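Structure record follows, encoded as structure tokens.
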Amino acid sequence: MTAHILDGNALAKTLRANFRQEAEALASRGARPGLAVILVGENPASQVYVRNKVNACADAGFYSEKHVFPGDATQADVLAKIRALNADPAIHGILVQLPLPAQFDAEAVLDAIVAEKDVDGFRAENVGALVLGLPCFVPCTPRGAMRLLEEAGVDVAGKEAVIVGRSNIVGKPMAMLLMHAGATVTVCHSRTRDLAAHCRRADILVAAVGKPRFITGEMIKPGAVVIDVGINRLPDGKLCGDVDFDAARVVAGAITPVPGGVGPMTIAMLLANTLESARNSVQ
Ligand code: GUN
291 MTAHILDGNA LAKTLRANFR QEAEALASRG ARPGLAVILV GENPASQVYV RNKVNACADA
351 GFYSEKHVFP GDATQADVLA KIRALNADPA IHGILVQLPL PAQFDAEAVL DAIVAEKDVD
411 GFRAENVGAL VLGLPCFVPC TPRGAMRLLE EAGVDVAGKE AVIVGRSNIV GKPMAMLLMH
471 AGATVTVCHS RTRDLAAHCR RADILVAAVG KPRFITGEMI KPGAVVIDVG INRLPDGKLC
531 GDVDFDAARV VAGAITPVPG GVGPMTIAML LANTLESARN SVQ
């Protein structure tokens, strides 16, 4: 068997073209979607992510601002910027790129963003709404992964879904979304015993651990749908996911590549959330 490739690049491109049309329609009503991205420090991966987010805004006809702070910036400096952006009518979404340097209390920083502009969906209020199945901004990476499943025609209801990784950004919200869609969900993590046995039960396997090629071919049930959220840089400079792609693609029914799978969908969903916020602002 050779797995069907879930092409995030292609889907994100189609979505972005639709967003552009909607952005122009909103602009004509005085609400061109606007995103502010805050980057603190010089983490090279974060710099790349932020650049990609700002470029995607330009490509979709959104307004964007990038605010870069040095690694030794104080929390008070960043909070002051967030307060100004909260009050700025041109800005519909505020994103603080994570991780923040050690001297920051990330929770306090995220909490300073008003809920209506929390397009990452990381505020406690948003997370609570997600758990309850209430309207909220759904975190971009899990939302993108769900959109890929939908596009692939995967009927999630009744399926065994296994998530490897329990982060606030991916593992936990992904568990909620899959549960709401009717899957039976298992969340595995660093303390899980016999991880391979859990993974082998999965009809839908989501890898979000941040370890290169951690999920091997033997851990995958034949025909499973594999969503690889990891982006790891190898010593030779190449990128790879949390799944051993070459081994997995001959076992799985469908799989996301890295790069070109979940990554572009994360950015597309950030635009979708920003668009939603701009739409809300004119209602
Ligand atoms: N760092 C890694 N992923 C993300 C994300 O989705 N949003 C933000 N703000 N930071 C991240």
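Quick note on my numbering: the sequence shown kicks off at 291 and runs consecutively. The C-beta atom is built at its ideal place from N, Cα and C for all residues, glycine as well. If you're wondering where the values come from, they're calculated on a predicted model, not measured in any experiment.
Buried/exposed call for residue i, threshold 16 Cβ in 10 Å
i	result
L438	buried
R483	exposed
K449	buried
V572	exposed
D410	buried
P360	exposed
V338	exposed
K528	exposed
V540	exposed
A377	exposed
Q387	buried
P389	exposed
Distance cut-off 7 Å: residue i Cβ against heavy atoms of the ligand GUN
i	result
T556	yes
V386	yes
C430	yes
D410	yes
I403	no
I459	yes
Alpha-carbon spacing of residue i relative to residue j, whole angstroms
i	j	result
K501	G507	15 Å
L524	G320	46 Å
A348	S354	7 Å
D518	L329	25 Å
T476	H488	8 Å
T431	V552	7 Å
L422	A307	32 Å
P549	S336	16 Å
C-beta contact flag for residue i and residue j at 8 Å
i	j	result
I384	A346	no
I494	V533	no
A350	F309	yes
L560	A313	no
P554	A302	yes
F535	I545	yes
A293	A568	no
V446	L468	yes
V368	V399	yes
V444	R491	no
Heavy atom of the ligand MG within 7 Å of residue i beta-carbon
i	result
G383	As far as ligands go, the structure on display features the ligand GUN and does not contain the ligand MG.
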